[in-house]
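Line order of the protein sequences matches chains V and X. Okay, so the first sequence: first residue is 162 according to my numbering, each after it adds one. Okay, so the second sequence: first residue is 5 according to my numbering, each after it adds one. Glycine included, C-beta positions come from ideal geometry on N, C-alpha and C.
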Amino acid sequence: MKLSSLSLRAVLLDWGFVLVLCAIFVFFSLATAHFLEFGNMIAMLHTMASVVIISCGMAMVVMTGNLDISLGSIAFLSSSIGVLLMTRLGWNPVAAFSVTLLCGVAFGMLNGFIVVVLGINPLITTLGTMITLRGVGLELTQASVIPLPEGVRVLGNLAIGPIFVDILVMAAVLIAVHVLHRRTSFGRQINAIGNGAEVAARIGLPVGRLVFLDFVLAGFLASIGGIVALLQVGSLSAYLGAGLEFTAVAVVVVGGVSLFGGRGSIIPGVLLGALTFQLIVNGLTQMSANPYVYKLITGLVIFLAMYVDALKVGRIHAPPAAEAVEDEPA
Amino acid sequence: MSESLGPLLQLNAITKKFGATTALDAASFEGHAGEVHALMGANGAGKSTLMNVLGGVVPMDAGEIIISGSPVQIRSPHESKALGIAFVHQELNMLPTMTVAENVFIDALPQYGGLVDRDRMRKGAAELLERLGSRFSPEQPVEELSTGDRQMVEIARALARDPRIIIFDEPTSSLTDRERQRLFAIIRQLKQSGVAVIYITHFLDEIFHISDRVTVMRNGQTVGSSAIAAITPTEVVRLMLGEVERQERLREPHAAAGKPLLSVRGLTRRGVLHDIGFELYPGEIVGLWGLLGSGRTELVHALIGLDPIDSGELRIAADSEDRPITPKALHRQIGLVTEDRRGEGLLMPLSVVGNLSLASLSQLLSPLRLIDRRREQAFAEEIVARLKIKLNDPRQAVKTLSGGNQQKVVLGRWLATGPRLFILDEPTRGLDVAAKAEVLRLTTELATEGASILLISSELEDMMRVCDRYLVISRGRIVGELPGGADKNRLMEAVSGGHSTAAAA
Chain V
162 MKLSSLSLRA VLLDWGFVLV LCAIFVFFSL ATAHFLEFGN MIAMLHTMAS
212 VVIISCGMAM VVMTGNLDIS LGSIAFLSSS IGVLLMTRLG WNPVAAFSVT
262 LLCGVAFGML NGFIVVVLGI NPLITTLGTM ITLRGVGLEL TQASVIPLPE
312 GVRVLGNLAI GPIFVDILVM AAVLIAVHVL HRRTSFGRQI NAIGNGAEVA
362 ARIGLPVGRL VFLDFVLAGF LASIGGIVAL LQVGSLSAYL GAGLEFTAVA
412 VVVVGGVSLF GGRGSIIPGV LLGALTFQLI VNGLTQMSAN PYVYKLITGL
462 VIFLAMYVDA LKVGRIHAPP AAEAVEDEPA
Chain X
5 MSESLGPLLQ LNAITKKFGA TTALDAASFE GHAGEVHALM GANGAGKSTL
55 MNVLGGVVPM DAGEIIISGS PVQIRSPHES KALGIAFVHQ ELNMLPTMTV
105 AENVFIDALP QYGGLVDRDR MRKGAAELLE RLGSRFSPEQ PVEELSTGDR
155 QMVEIARALA RDPRIIIFDE PTSSLTDRER QRLFAIIRQL KQSGVAVIYI
205 THFLDEIFHI SDRVTVMRNG QTVGSSAIAA ITPTEVVRLM LGEVERQERL
255 REPHAAAGKP LLSVRGLTRR GVLHDIGFEL YPGEIVGLWG LLGSGRTELV
305 HALIGLDPID SGELRIAADS EDRPITPKAL HRQIGLVTED RRGEGLLMPL
355 SVVGNLSLAS LSQLLSPLRL IDRRREQAFA EEIVARLKIK LNDPRQAVKT
405 LSGGNQQKVV LGRWLATGPR LFILDEPTRG LDVAAKAEVL RLTTELATEG
455 ASILLISSEL EDMMRVCDRY LVISRGRIVG ELPGGADKNR LMEAVSGGHS
505 TAAAA
């Protein structure tokens, strides 16, 4: 039996992003003084926590071959509502943030409804909700900066020893979504849809229901990510989550999750994807590099990841049967 | 044999219409446990539709389905599966990035405590694969498997639900010989374990090799059902094609003379065409006669370069000699009318004028190299008149024309380029009697004017009205040649005669 999975090309395509990550790590370790310090590493993980959480949701949507670019706006609006409940109506943070999470679910349901029931293309749908939801949030908050109440602000720097709590939250989300994807019926069927929605439907899977729930999950995770980002900054600004969905797509693709659906992992995929980008930002900052270089390098990394994705997908066609014997005519 | 228990499955008087087309006309079918029952018929006969009714893919308009003596309703694939019916479709439903085990159980993943029970899944898949004699691992991603192996996975998925009835729709079209033998062994196993196997195919030799009964359908009706031992291949073909009425010839058989226009030698494409050779002379209509799956369309595609060939030589007459020509170059010199006039022949939203002029635009240019609309209009009107195309205005969209007139537009386009060779693949498909006659008449006119015509049609009556001789094709080989005056019995025997031997091991 031909062991094609061991060919060099296949190995490179599947694990190339780890090699790139290692290369980046080594480069910055050598090029800067403080990159390789424990404190710096912790700071990096702390900063990327919200991106990772939202990227988990994005990854699950991308696994079906769909896209959700409204996640940053969902994070913003659901957090805004939570903050306003606390500052204007004096709610306690637990109740307020519970509402935030419910909002995440509700907005996910909105996306799911438009895509599945109304049958509108997911990109167009989430483009619409991205703009609309942020607009509603800006209106509600008057685009002003709203500082969090004193007692709540402290939560942003909560740590257990040297490890920030939000790093633990990030780890918990990563593990939970990974298990969901790999080990539950829902996750496996989501993956199946990514292989081919028509094929999945013909096999008898409830594609509509699964995609709907998928969007709900993404919305929910986006609201969690929004809370984490909010607590880190300590106040609500109109920029919360802005552009986060595109970072999430980049993270997901660089981490090996195919935009075509059905391929990739949460652990190590999303984690390594987020690390790659965070390393680049952090390293460049340490080098005092020109801030515009970051965008250029990010763009190049994304392009490379998409190219590799396309190459990988080209491997789907069945190899011819291994028989060497010439077929006998009937 | 469990014939004494009565039929496991009965489909009685199933009728299904799609709009104005009747796909099934009171079709019936009976299946017994432990029996392999073949369902045969030409393209469009209704066999897939009948099975789609059983599989819950298509709802029926009238009729009843009885399983184990009780009438049932099948409104979805889910209900069909719940009744113990498994359907292995012609197009495999595979999830390439997922493992074999996942593919087999994806619609019914075994669970333990909220998570997928991977052990049970793997063991279950391994058991099924062993039953099927497959040696690949259940943990392998399906994208690494060959088509034949993927089909094993598809069958495993069907068997995972322990079905009582299993339907195979054209299962051998893309299999190698060895894979086909393996499939037959599995079918025999299923038969022995008491499953009712329904086998849809258009390959005559296979049903005599593997099945116990055969039911033939034609035009949505069940026209015959018999034990295999009690029927001959020729009779099956006769049932499939129906009574071929002798209709008047439009042109007496013309004996080819002079030098051939096109010579083909040793045309081979591995697994599809074997050492095909023939000649086409000017002024003659040659019928390429064979059943579905014999390689007719593949031969046409190979001749015009739409599919690659492994070996073979084409030579075309040019001036007073003949010279070699590549299939792609040949494509540019011939008039081609395909089966799929909507897909390959016409640009539907474009006007009749636009479609007619498409191949001749370079002759209709003004001095500024732009299309001269007036010349184009005159050009189109001349063809419309000559071919008697019925329309209100040549500028109307071609999709508004009737099927027969659309076909004339396709022919008309090529006429203007004056090709010496035409390949007509099912030119009368879907046309009413009058339109058929007109298209056939046109064909004879083209031949009389000196063109060579290769005509492919599954409608024997049409071929018998115009062909000067027949090339009989079967399983990718030319197995014989018959004169234009051959009667229907000889023709039917020629195409079924090659199938009486069992497939080589």
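- With a cutoff of 8 Å on beta-carbon distance, residue 310 (chain V) and residue 247 (chain V) are scored as near each other.
- Within the stretch 202-238 of chain X, the runs of alpha helix (DSSP H) at least 4 residues long that lie entirely inside it are, in chain order, 208-214.
- The three-state secondary structure of residue 399 (chain V), taken from DSSP, is coil.
- Between residue 469 (chain X) and residue 254 (chain X), the gap from beta carbon to beta carbon is short of 8 Å.
- In the DSSP assignment, residue 378 (chain X) falls within the alpha helix (DSSP H) that extends over 377-391.
- Rounded to whole angstroms, residue 189 (chain X) and residue 138 (chain X) show a C-alpha spacing of 12 Å.
- Looking at the DSSP output, residue 293 (chain X) bridges to X:476.
- Annotated three-state conformation of residue 27 (chain X) is strand, per DSSP.
- Assignment of residue 421 (chain V) by DSSP, reduced to helix, strand and coil, places it in the coil class.
- Each residue's CA atom was taken as its position, placing residue 306 (chain V) and residue 394 (chain V) some 11 Å apart.
- Under the DSSP assignment, residue 437 (chain V) falls in the alpha helix (DSSP H) whose first and last residues are 432-447.
- Our two residues, residue 331 (chain V) and residue 337 (chain V), have alpha carbons roughly 10 Å apart in a direct line.
- By the neighbour-count criterion, in which 16 or more other beta carbons inside 10 Å mark a residue as buried, residue 252 (chain X) falls on the exposed side.
- Look at residue 16 (chain X) here: in three-state DSSP terms it is strand.
- Not a single C-beta of chain V is nearer than 8 Å to the C-beta of residue 280 (chain X).
- Here residue 331 (chain X) carries a helix assignment [DSSP, helix/strand/coil].
- As the crow flies, the alpha-carbon of residue 321 (chain X) is around 33 Å from that of residue 496 (chain X).
- Separation of residue 191 (chain V) and residue 453 (chain V) (C-alpha to C-alpha, rounded to the nearest whole angstrom) is 22 Å.
- Closest option to residue 350 (chain X), judged by alpha-carbon separation, among X:165, X:260, X:407: X:407.
- Only residues of its own chain outside the window of five on either side were considered, and among them 407, 408, 411, 443 have a CB closer than 8 Å to the CB of residue 435 (chain X), listed in chain order.
- Taking a beta-carbon distance threshold of 8 Å, residue 333 (chain V) does not count as an interface residue toward chain X.
- Counting C-beta atoms within 10 angstroms of its own C-beta, residue 473 (chain V) has 16 or more neighbours from the protein chains shown and is therefore classed as buried.
- X:157 is the residue among X:80, X:88, X:157, X:136 whose C-alpha sits nearest the C-alpha of residue 105 (chain X).
- A straight line joining the alpha-carbon of residue 397 (chain V) with that of residue 64 (chain X) spans about 60 Å.
- Residues of the stretch 334-353 of chain V with a Cβ closer than 8 Å to any Cβ of chain X, in chain order: 340, 344, 345, 346, 349, 350, 352, 353.
- By the neighbour-count criterion, in which 16 or more other beta carbons inside 10 Å mark a residue as buried, residue 195 (chain X) falls on the buried side.
- For residue 366 (chain V), the C-beta contacts it makes with chain X under 8 Å involve 110, 111, in order along the chain.
- The Cβ atoms of residue 166 (chain X) and residue 93 (chain X) lie no closer than 8 Å to each other.
- Among the bridge pairs identified by DSSP, residue 41 (chain X) is matched with X:202, X:217.
- Between residue 380 (chain V) and residue 390 (chain V), the gap from beta carbon to beta carbon reaches 8 Å or more.
- Of all residues in the stretch 93-105 of chain X, the ones placed with a Cβ closer than 8 Å to any Cβ belonging to chain V are 93, 97, 98, 99, 100, 101, 102, in chain order.
- When DSSP reads this structure, residue 468 (chain V) sits in no beta bridge, so it has no partner.
- Close partners of residue 115 (chain X) in chain V (Cβ separation under 7 Å): 346.
- If you look at residue 428 (chain X), you'll find it in the beta strand (DSSP E) that goes 425-429.
- Think of a sphere of 9 Å around the beta carbon of residue 120 (chain X): the chain V residues whose beta carbon falls inside it are 343, 344, 345, 346, 348, 349, in chain order.
- In this structure residue 426 (chain X) is in contact with residue 339 (chain X), their Cβ atoms being roughly 4 Å apart against a cut-off of 8 Å.
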